[in-house]
Each structure stands twice: as C-alpha cells, then as structure tokens.
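These notes concern the structure reproduced below.
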Amino acid sequence: AGAPRLYDLAADPGEKRNVAGKYPVAERLLADAYWQMRAYNKEWRKWKWGNAANVRPAYAESFGE
6 AGAPRLYDLA ADPGEKRNVA GKYPVAERLL ADAYWQMRAY NKEWRKWKWG NAANVRPAYA
66 ESFGE
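For the sequence shown, our numbering assigns the number 6 to the initial residue and increments by one for each residue that follows.
This is how it looks when you write it as structure tokens:
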C-alpha cells in the first residue's frame, strides 16, 4: 500500500509528481470513499448504486430519501 498518491492528470498525465500533500481535502475525500467501499463491499450494489466516489440517485432512493 504505502503512502497515498494523488496526481493532477491534466497537468501531469505521466503521473510523475505526487500532489497528495498539496491537496489534503481531496486526499481525504478519496480515502473516505475508498474505505466506505471496502467496509461495505459485500453489500454494495455497484450495478445499481455506482461506485462509492460517485453514487447514482438510486443509492439515496434505496434508503428512502
């Protein structure tokens, strides 16, 4: 696993410069989405809800919202 890595693909398509420390909020949001997915991997309905970082409206509908 190692330290988190985050790349600005628009400015660095070759992924040479890790900018994780420069954008801690983005790093945290991505990490939270990742760990949410891992915690609920068996129950996650990807075909219906999409991925944890970009859920579909059906995700909220499944919980009555």
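Every residue gets a Cβ at the ideal spot worked out from N, C-alpha and C, and that includes glycine.
Using 8 Å as the threshold, is the C-beta distance between residue 36 and residue 57 below it? no
Three-state secondary structure (DSSP) at residue 55? strand
Just to confirm the assignment, what range does the alpha helix (DSSP H) spanning residue 66 have? 62–67
Quick check: what's the CA-CA separation for residue 23 versus residue 40? 21 Å
Cβ-based neighbour list, residue 55, same chain, cut-off 6 Å, excluding 5 preceding and 5 following: 61
Rounded straight-line distance, which links the Cα of residue 67 to that of residue 81: Residue numbering for the chain in the displayed model covers 6 to 70; residue 81 lies beyond these limits and cannot be assessed.
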